[in-house]
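4 protein chains.
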Amino acid sequence: MADTPSPSGARTGGPREERYEQLLLAAASAYAELGYHRTSVKTVVDRAGVATGTFYLYFPTKEASALAIIDRLYELVIGAVVKARSSHATSLAKLAASVEAVLAAFSGHEALAKVVLVQAPGAHPDFDRRLQAIHAELTGLVARDIQEAVDEGLAPAQDAALSARCVVGAVYEILNGWMRDRQPPDPVAAAPHLQAFILRGIGAGTPASGWAGAGGVTP
Amino acid sequence: MADTPSPSGARTGGPREERYEQLLLAAASAYAELGYHRTSVKTVVDRAGVATGTFYLYFPTKEASALAIIDRLYELVIGAVVKARSSHATSLAKLAASVEAVLAAFSGHEALAKVVLVQAPGAHPDFDRRLQAIHAELTGLVARDIQEAVDEGLAPAQDAALSARCVVGAVYEILNGWMRDRQPPDPVAAAPHLQAFILRGIGAGTPASGWAGAGGVTP
Amino acid sequence: MADTPSPSGARTGGPREERYEQLLLAAASAYAELGYHRTSVKTVVDRAGVATGTFYLYFPTKEASALAIIDRLYELVIGAVVKARSSHATSLAKLAASVEAVLAAFSGHEALAKVVLVQAPGAHPDFDRRLQAIHAELTGLVARDIQEAVDEGLAPAQDAALSARCVVGAVYEILNGWMRDRQPPDPVAAAPHLQAFILRGIGAGTPASGWAGAGGVTP
Amino acid sequence: MADTPSPSGARTGGPREERYEQLLLAAASAYAELGYHRTSVKTVVDRAGVATGTFYLYFPTKEASALAIIDRLYELVIGAVVKARSSHATSLAKLAASVEAVLAAFSGHEALAKVVLVQAPGAHPDFDRRLQAIHAELTGLVARDIQEAVDEGLAPAQDAALSARCVVGAVYEILNGWMRDRQPPDPVAAAPHLQAFILRGIGAGTPASGWAGAGGVTP
DNA sequence: TATGAATGAGCATTCATTCAT
DNA sequence: TATGAATGAATGCTCATTCAT
């Protein structure tokens, strides 16, 4: 609902930016609902209430509109994660905060999330490439936290990259379940459980390890 | 390459079955490589070395061929899981064995796996529905194991369904990484790490809990 | 009317070749009448009495259909010219025979001629390139004849290439006039006048120079 | 490059006329370079450095801009020819002077010439009609000269209209060769050769016939 | 007069599906 | 059973033209 307040930060946003948002969101909701390939540009412009040609005033191709959606969510998610992490000092707190931030960012933009997590993969080679960016960034962040925790003796020796994949997979699956059939009904509410699972998973499973209290950092 | 040699070795395979396999595998490899929508029926029949019309003697529609691929992998995976579980008595051993069986089944049929895990989601509403079957079945099995472990005092109280999602997500992500960029290079070799992560994640993190030795159950 | 009897020489021409001819001629007549850009593929297939997709069974693109028309006329014209020339021994007789052969070949395939001489130039860079081939071939042949006549003392010293352009220009303009408003009503009947003009133009203007009787070589 | 500096030097050129020239020349250069159909109005206004809407303040349609180009060249060519002819008294001198004037006028306005001779024919029915005007006027003038020469006994009896077409065709082809690949490098320098060819062609091939000295009439 | 965002009809091309052989 | 030519609806994209500012 409160989707993407102009990335440039400008509050006013000339009519140009408004139209762009309008089309981006119309495209996102259509792709989310019908799937990228089953959505025609006509469907998108009908939802946005503009003419066909207008779409191409803002996106060079249909494909570009999907890439823009991916990029938009990328910014939102990475932005939220970076912000959340900056409030915490220890590796485990950063990790726990990141998990919650990801849940909050994705679930706060469901249409975008559905496009990125469900519809885009496999729809086009370029999408997959772009998707990798978010994925790699997130997994890298998590891997670093785990490695740090290991180095600090907070977790047992392990393949940090592999564990990071497990972490990211668990988070995505929670989001997928929520998007698919509202299980869990609220991803953010499930954060504590997920954090507990993850921290135990990497072998840093007790609050004494220093991650307790990371919850609620993303207002 | 060594993709899906007739699942039940018993099949005598009349010419009809052979053609069907040929087309199913040609479709799977094409969809895996190019994506469902970017693959035309022409491409599939070219790979199978038959004429266009022949495709429709074995599948009523293109869509049906993808559903057949999903069903095929479903059988393979669930079959392997059920078989693996039958060799173990305790909940945790069953869980650990299931994880390895899933990794082995998917990674033993890469083309099918790519179609099911990467290309099918989002490509068609019917696919998503069918995909749910595998997913729900797997998650249900895992949830049951977890609940059992909790009931037996082997793991702390928790939302078993939620934890099960985490488990399944972690497994899928390992498979995704392998399919995407061979990270890890061999999913089955990564099974111990993954099992450890998962068992710790549900709070049953020590071999003393009774899951050790589950490895190698899938011959 | 008697347009393009299968280039491969095969008289029977399977249904495949027939369809191709049908489409080529439908395209030629449409392009000739409406112009290349003002003709849609729909228009062509309607004239041919086939479905849209069928067009693309025989031509990879609309552009290719126009190139095929150009090539077809190229073969017809060059073929006729080479054949006509082979019946004559002297340079001037060859030249005169070529002129008549060109008039006959173009005027015997009016739709193709209109496409090549009127509609194709400027319609697409590729067309222009291909058009050059016919043009250069014809001009080269004429230039050779003129040079030979000069060398044999049958015509005064001159820039043979420049004179050849004049010759070809005169021939094309006669054809253009005929296509535009049937002036002259019959290009072949105008051949003697044109030949006289041309031979005088290159300074070999008397029948004594040895070109008389070249007329009528193309039955 | 030095294309069409306002035809009648008298024009004071208010800002309105300047804009018009600017757009006419931008359109001409674009059509000449890219072809009429491959040039969008956007391309023209970009070259002219004005906004899209401005184009329609000076031309009712895109088509009208091409017609204006044709008309402009018509004025230039006919004007030059009439002027050149007025300096000569005899039919053959008028003819020879006309040829040179046409070469000079077209080659002095290459962009316009390319549009008129190469791009416009076939691009639109209306263009063809308008093109006829220049064509008929020129051919008529030449035919009259030839008829006069015949009547004066300077040339043998002939179909003056047909000969006139040959003359015009030869001139156009020289211009086409120059525009296509700078063969000849300078049409005006080729005028003597062309004049000789033409006068010989109509059977008035000796300077004694009274056409010598017609060269250089267009200052 | 000048702008340029918006329009929407029009078009080339693709491809799942059919069916006569 | 097998073939592959034929179909025609569907779609992404362009661009001449309009009009509110």
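Residue numbers (the numbering used here), protein chains in the order written: chain A, 1 to 219; chain V, 1001 to 1219; chain W, 2001 to 2219; chain C, 3001 to 3219.
All residues carry an ideal CB built from backbone N, CA and C; glycine is no exception.
It should be emphasised that the depicted structure is a prediction, and the values quoted were computed from it without experimental measurement.
Spatial neighbours of residue i in its chain, beta-carbon cut-off 8 Å, leaving aside the 5 residues before and after
| i | result |
| --- | --- |
| Ala1157 (chain V) | Val1150 |
| Pro3184 (chain C) | Ile3174, Gly3177, Trp3178, Ala3190 |
| Tyr2020 (chain W) | Tyr2058 |
| His2135 (chain W) | Val2168 |
| Gly3201 (chain C) | Ser3163, Cys3166, Val3167, Ala3170 |
| Asp1046 (chain V) | none |
| Gly2203 (chain W) | Ala2155, Pro2156, Gln2158 |
Whole-Å CB distance - residue i paired with residue j, under 8 Å assumed
| i | j | result |
| --- | --- | --- |
| Lys3267 (chain C) | Thr3052 (chain C) | An answer regarding residue 3267 (chain C) cannot be provided, because it is not within the stretch 3001 to 3219 covered by chain C. |
| Leu67 (chain A) | Ile174 (chain A) | Not quite, the Cβ-Cβ distance comes to about 26 Å (not below 8 Å), so this is no contact. |
| Val168 (chain A) | Val142 (chain A) | 6 Å |
| Ala3228 (chain C) | Gly2122 (chain W) | Outside the shown range of chain C, which is 3001 to 3219, sits residue 3228 (chain C), and nothing can be said about it. |
| Glu137 (chain A) | Ile78 (chain A) | 6 Å |
| Val2099 (chain W) | Leu2194 (chain W) | 6 Å |
| Leu2073 (chain W) | His2037 (chain W) | The Cβ separation is near 19 Å, so there is no contact. |
| Ala1120 (chain V) | Ser1065 (chain V) | Incorrect: roughly 11 Å between the Cβ atoms, too far for contact. |
Other residues of its chain near residue i: CB distance less than 6 Å, five sequence neighbours each side excluded
| i | result |
| --- | --- |
| Gly2205 (chain W) | Leu2199 |
| Ala2113 (chain W) | Phe2106 |
| Ser3008 (chain C) | Residue confidence is low: Ser3008 (chain C) scores 35 on pLDDT, short of 50, so the model does not pin down where it sits. No coordinate-derived value is stated. |
| Ser3091 (chain C) | Asp3145, Glu3148, Ala3149 |
| Leu2023 (chain W) | Ala2048, Tyr2058 |
| Gly140 (chain A) | none |
| Ala1111 (chain V) | Asp1003, Ala1028, Ser1029, Ala1032 |
| Leu1095 (chain V) | Asp1145 |
| Ala2222 (chain W) | Examination of residue 2222 (chain W) is not possible in this model, given that chain W is present from 2001 through 2219 alone. |
Same chain, Cβ closer than 7 Å to residue i, neighbours up to 5 away in sequence not counted
| i | result |
| --- | --- |
| Gly2049 (chain W) | none |
| Thr1039 (chain V) | Ala1030, Tyr1031 |
| Phe1197 (chain V) | Ala1170 |
| Glu2063 (chain W) | His2124, Asp2126 |
| Pro3015 (chain C) | none |
| Ala1160 (chain V) | Ala1143, Ile1146, Gln1147, Val1150 |
| Ile3070 (chain C) | Val3116, Ala3120, Phe3127, Arg3130, Leu3131 |
| Arg1085 (chain V) | Lys1094, Ala1097, Ser1098 |
Buried or exposed by the 16-neighbour rule on C-beta atoms within 10 Å, applied to residue i
| i | result |
| --- | --- |
| Gly2035 (chain W) | buried |
| Ser2087 (chain W) | exposed |
| Ser2061 (chain W) | Reading the sequence as shown, one finds Thr at residue 2061 (chain W) and not Ser. That one is exposed. |
| Pro1187 (chain V) | buried |
| Ala3133 (chain C) | exposed |
| Gly3153 (chain C) | exposed |
| Val2118 (chain W) | buried |
| Arg2182 (chain W) | exposed |
| Ala1093 (chain V) | buried |
| Arg3130 (chain C) | buried |
| Ala2089 (chain W) | exposed |
| Arg1011 (chain V) | Low confidence applies here, because Arg1011 (chain V) scores a pLDDT of 43, under 50, leaving its location unreliable and the question unanswered by this model. |
| Val1082 (chain V) | exposed |
Contact test: residue i Cβ vs the ligand NAD heavy atom, cutoff 7 Å
| i | result |
| --- | --- |
| Asp145 (chain A) | By its list of ligands, the structure shown contains no ligand whatsoever, and the ligand NAD lies outside what it can speak to. |
- Of the residues that make up the segment 163–174 of chain A, which ones have a beta carbon closer than 9 Å to any beta carbon in chain V? Ser163, Arg165, Cys166, Val167, Val168, Gly169, Ala170, Val171, Tyr172, Glu173, Ile174
- Item | Contact list for the segment 3017–3049 of chain C against chain W, Cβ threshold 8 Å | Gly3035, Tyr3036, His3037, Arg3038
- Item | Residues of the segment 2109–2122 of chain W with Cβ closer than 7 Å to any Cβ of chain C, in chain order | Val2118, Gln2119, Pro2121, Gly2122
- Message: Output needed in chain order: residues of the segment 2180–2197 of chain W with a Cβ under 9 Å from some Cβ in chain C.
- Response: Arg2180, Asp2181, Gln2183, Pro2184, Ala2190, His2193, Leu2194, Ala2196, Phe2197
- Message: Just to confirm the assignment: which complete alpha helix (DSSP H) runs, minimum length 4, are found wholly within the segment 3163–3204 of chain C?
- Response: 3191–3201
- Task: Give, in chain order, every unbroken run of the alpha helix (DSSP H) that is at least 4 residues long and sits entirely within the segment 3068–3136 of chain C.
- Result: 3091–3107, 3110–3114
- Task: Determine which residues of the segment 141–161 of chain A have a Cβ less than 8 Å from any Cβ of chain V, and write them out in chain order.
- Result: Gln158, Asp159, Ala161
- Quick one, which residues of the segment 2066–2080 of chain W are near chain C if we go by CB-CB under 8 Å, in chain order? none
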